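Here's the structure we're looking at; comments come further down.
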Amino acid sequence: MFQRLGIAMVKQGPKAAQPILGRYLPKILPGTRMFSIQQQLPRLPVPSIEQTLDKYLKSVRPLLSDEEYNQTQTIVADFAKDPGPKLQEMLLKKAETTDNWLADWWLHVAYLGFRMPVVIHSSPGIMFPFQDFQDEQGQLRFAAKWISGVLSFKKLIDDQTLPIETLGGQPLCMIQYYRILSSCRVPGAKHDSVVQFPADSPNPPRHIVVIRNNHFFSLDVYGQNGKPLNVDQIHKQLMRIVDKSEHPTPHVGILTTENRNTWGSAFKRLIKNKTNKATIEEIQHSIFAVCLDKPMEHTEPGRREAMSAKQMLHGGGSQWNSGNRWFDKTLQFIIGSDGACGLNYEHAAAEGPPVAFLLDHVMDYVKNVPEDLAPASGIADPKKLKWDLSPDTLEDIKKAEEDIDMMVEDLSLSTLHFRGYGKDFAKSQKLPPDAFIQVAMQLAYYSLYNKPPATYESGSTRRFQLGRTDTIRSCTIDSTNFSKAMQDNSVSKQEKADLLRKAVNAHRKYTTEVVSGQGIDRHLLAFKLLAVENGMNVPELFMDTAYTTSMNHQISSSNVSAKTEAVLCFGPTAPDGYGVCYNPQPKQVIFAISAFNSCKETDSDMYAKSLAKSLTDMHDLLLQTSGSKL
Numbered sequence: 038m039f040q041r042l043g044i045a046m047v048k049q050g051p052k053a054a055q056p057i058l059g060r061y062l063p064k065i066l067p068g069t070r071m072f073s074i075q076q077q078l079p080r081l082p083v084p085s086i087e088q089t090l091d092k093y094l095k096s097v098r099p100l101l102s103d104e105e106y107n108q109t110q111t112i113v114a115d116f117a118k119d120p121g122p123k124l125q126e127m128l129l130k131k132a133e134t135t136d137n138w139l140a141d142w143w144l145h146v147a148y149l150g151f152r153m154p155v156v157i158h159s160s161p162g163i164m165f166p167f168q169d170f171q172d173e174q175g176q177l178r179f180a181a182k183w184i185s186g187v188l189s190f191k192k193l194i195d196d197q198t199l200p201i202e203t204l205g206g207q208p209l210c211m212i213q214y215y216r217i218l219s220s221c222r223v224p225g226a227k228h229d230s231v232v233q234f235p236a237d238s239p240n241p242p243r244h245i246v247v248i249r250n251n252h253f254f255s256l257d258v259y260g261q262n263g264k265p266l267n268v269d270q271i272h273k274q275l276m277r278i279v280d281k282s283e284h285p286t287p288h289v290g291i292l293t294t295e296n297r298n299t300w301g302s303a304f305k306r307l308i309k310n311k312t313n314k315a316t317i318e319e320i321q322h323s324i325f326a327v328c329l330d331k332p333m334e335h336t337e338p339g340r341r342e343a344m345s346a347k348q349m350l351h352g353g354g355s356q357w358n359s360g361n362r363w364f365d366k367t368l369q370f371i372i373g374s375d376g377a378c379g380l381n382y383e384h385a386a387a388e389g390p391p392v393a394f395l396l397d398h399v400m401d402y403v404k405n406v407p408e409d410l411a412p413a414s415g416i417a418d419p420k421k422l423k424w425d426l427s428p429d430t431l432e433d434i435k436k437a438e439e440d441i442d443m444m445v446e447d448l449s450l451s452t453l454h455f456r457g458y459g460k461d462f463a464k465s466q467k468l469p470p471d472a473f474i475q476v477a478m479q480l481a482y483y484s485l486y487n488k489p490p491a492t493y494e495s496g497s498t499r500r501f502q503l504g505r506t507d508t509i510r511s512c513t514i515d516s517t518n519f520s521k522a523m524q525d526n527s528v529s530k531q532e533k534a535d536l537l538r539k540a541v542n543a544h545r546k547y548t549t550e551v552v553s554g555q556g557i558d559r560h561l562l563a564f565k566l567l568a569v570e571n572g573m574n575v576p577e578l579f580m581d582t583a584y585t586t587s588m589n590h591q592i593s594s595s596n597v598s599a600k601t602e603a604v605l606c607f608g609p610t611a612p613d614g615y616g617v618c619y620n621p622q623p624k625q626v627i628f629a630i631s632a633f634n635s636c637k638e639t640d641s642d643m644y645a646k647s648l649a650k651s652l653t654d655m656h657d658l659l660l661q662t663s664g665s666k667l
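FYI, the working numbering numbers position 257 of the sequence shown as 294, with every residue one higher than the one before it.
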């Protein structure tokens with residue numbers, strides 16, 4: 038996993054894919070703005086080794102006993118003498134010669150070298166608000182509008198007219214938008230790669246893939262005149278697909294749910310056959326995928342939303358829709374005939390915010406579809422993609438069905454619409470909403486387990502060229518002091534409120550440092566990778582209790598804001614952990630919370646209830662001590 042790896046790139050016959058990483062940038066179109074300042078963005082800085090080690094010690098303190106912390110201090114001091122300075126010098130040299138010293142490492146270590154299944158463990162699902170259709174015709178009509186909306190967003194990317202995003206007044210790197218369409222992950226026996234076919238590449242794709250009843254279809258979404266199909270034309274094409282896919286077929290797509298090494302081996306067997314290879318190339322070369330799902334049963338009262346979230350995250354298992362997918366595809370939009378809809382995205386290309394921005398655009402488009410869309414001419418019929426399945430591949434499919442069913446059975450997923458208040462309340466208290474929510478998550482965990490949780494929050498580094506993320510370590514000395522005080526009746530309300538504000542402000546400070554390129558986790562990762570790449574022993578710092586404890590995230594979290602009541606979900610990153618994603622809105626906060634049933638200590642419903650109580654208690658505490666009004 039930590040070996041030196043090259044650019045992720047695959048070439049397939051005449052369809053030459055672009056490298057997903059490296060110096061390749063889209064050709065900048067004259068007079069456009071989307072990438073106009075790309076090369077002017079600053080490079081990701083290399084923090085000082087002293088700063089990183091000092092922050093590291095502070096971050097692990099609440100997780101360790103006094104004895105463990107004393108040992109860690111000694112280990113860190115030794116690292117600061119040797120080999121830390123040598124590794125820092127190597128990193129500074131790399132930073133001088135690359136656009137982003139982290140980018141290639143992060144792509145390979147976090148994603149392409151990660152061998153767990155992408156389902157649950159890497160690829161997020163996003164659930165949209167339920168739509169008001171309950172039958173197949175409504176499903177197809179909505180799908181047609183949705184496809185048209187995504188194509189309208191694609192035009193903004195292709196024309197490079199998408200406005201440059203900003204964070205705190207600073208422009209952000211827009212390259213992730215360029216990678217979310219017309220791209221696909223490719224399995225390997227030990228390491229994966231990514232192919233991308235952008236609009237300015239030779240032979241750019243003109244088709245999407247539609248999956249129904251496990252059948253795969255290639256659907257051209259542009260006519261011979263180059264115009265995109267309008268909604269009525271797409272709807273007619275989808276009806277043709279329905280007519281050709283009434284009876285289920287073997288779950289070939291379920292192979293993409295497997296452990297990556299397992300899928301890599303099955304993939305090699307599958308593409309030995311020319312028919313299968315051509316089908317897979319058609320899938321990989323498509324702009325995106327659309328999965329037309331059958332409705333899933335939700336027998337428990339009030340669990341329809343949680344069931345829909347599971348549908349987007351993993352498909353529900355082999356008896357439902359897990360085979361009606363190609364989980365390697367960067368974007369696959371999922372539309373059920375019961376009004377459930379959302380998407381699943383393969384994480385190597387992008388983080389959640391660019392995808393959420395696309396979704397907001399498409400949801401607005403669907404509500405107000407332009408009526409003057411000119412029809413395309415010269416429309417080809419949908420093409421059914423064929424498989425020729427050997428006995429070995431049929432066995433691979435059977436094993437994948439068993440494996441995904443076990444994974445689905447092990448995952449508990451709960452949704453929480455906290456309607457007591459939203460981000461407006463935190464702002465009224467002059468507190469940042471994200472930090473406020475993160476402190477509530479710390480309190481919720483401490484209330485259940487009487488200890489602080491090692492916590493990961495994704496912090497964007499898109500202010501820098503090719504920026505991705507660094508870790509916001511949400512468990513701090515200040516958040517732990519606040520959580521402890523809330524369990525102690527001898528502490529006054531005013532003292533608790535003061536500790537709350539101190540904890541929130543500590544989180545705000547850490548977040549500001551991370552988005553400014555001064556985080557510690559990617560810096561430490563670089564030291565570890567450089568040691569391995571240069572044949573050195575892995576430094577003791579990375580084998581110490583402090584490091585292993587702080588990297589075993591009891592809470593893995595992400596803030597993905599959207600205009601709609603959409604919510605993103607993913608699985609825990611630790612066997613005894615929680616996955617928590619949230620969408621803060623003005624008057625409410627929407628959460629998706631996951632846990633593994635195989636861990637007796639964790640329970641997603643239990644944590645959701647504790648989180649709701651923590652949010653309520655923090656709200657009441659501030660009102661009781663400040664007299665502020667909502």
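Glycine residues also receive a C-beta, built at the ideal position from the N, C-alpha and C atoms.
Everything numeric in this text was worked out from a predicted model, so none of it was measured.
By the neighbour-count criterion, in which 16 or more other beta carbons inside 10 Å mark a residue as buried, I371 falls on the buried side. Cα atoms of D535 and K182: separation of roughly 51 Å, rounded to the nearest angstrom. A straight line joining the alpha-carbon of L658 with that of S516 spans about 15 Å. The C-alpha of P99 lies about 12 Å from the C-alpha of Y483. Of the candidates P84, V83, I74 and L90, L90 places its Cα closest to the Cα of F579.
Around the beta carbon of E126, fewer than 16 other beta carbons lie within 10 angstroms, which makes this residue exposed. As computed with DSSP, A629 is found in a beta bridge with T452 and C618.
Shortest Cα-Cα distance from L566 to any of K131, Q213 and R297 involves K131. The beta carbons of A387 and L144 sit about 11 Å from each other, so the pair does not count as a contact at 8 Å. Inclusion of S323 and I217 in the CB contact set at 8 Å is not warranted, their separation being larger than that value. Judged by their CB atoms, L450 and C606 are nearer to each other than the 8 Å cut-off. In the three-state DSSP reduction, S220 falls in the strand class (E or B). If the five residues before and after D172 are omitted, its C-beta is found closer than 8 Å to the C-beta atoms of S374, all from its own chain and listed in chain order.
In this structure K311 is exposed. Its beta-carbon is surrounded by fewer than 16 other beta-carbon atoms within 10 angstroms.
The DSSP-derived three-state label of Y106 is helix.
Exclusion of the five residues before and after D136 leaves Q502 and L503 as the residues of its chain whose Cβ lies within less than 6 Å of its Cβ. For D507, the uninterrupted beta strand (DSSP E) segment begins and ends at T506 to I509. Boundaries of the beta strand (DSSP E) around N596: I592 to N596. Between P621 and S598, the C-beta gap is smaller than 8 Å, which places the two residues in contact. In the three-state DSSP reduction, M344 falls in the helix class (H, G or I).
Residue pairing by DSSP places I245 opposite L256 in a beta bridge. Secondary structure of P407 (DSSP, three-state): coil.
Secondary structure in the segment 519-582: the alpha helix (DSSP H) runs of 4 residues or longer, each lying completely within the stretch, are 530-552 and 558-570 in chain order. Cβ-Cβ separation between R222 and D440: approximately 18 Å, too far for a contact (criterion under 8 Å). In the displayed model, T492 falls within a strand according to three-state DSSP.
According to the DSSP assignment, S282 belongs to no beta strand (DSSP E), since it is labelled neither H nor E. Around the beta-carbon of L256, 16 or more other beta-carbon atoms lie within 10 Å, marking it buried.
Beta-bridge partners of A326 (DSSP): V246 and Q369. Shown here for P489: same chain residues with a beta carbon closer than 8 Å to its own, the five before and five after excluded, namely P99, L100, Q479, Y482, Y483, C512, S516, T517 and S520 in chain order.
Contact check for A629 and Y644: beta-carbon distance about 12 Å, past the 8 Å limit, so the pair fails to qualify.
When only Cα atoms are considered, F462 and K624 end up about 8 Å apart.
Counting along the chain, the unbroken beta strand (DSSP E) around M164 starts and ends at G162 to M164.
S159 is a Cβ neighbour of F151, given a cutoff of 8 Å. CA-to-CA, the gap between K420 and H398 works out to about 29 Å.
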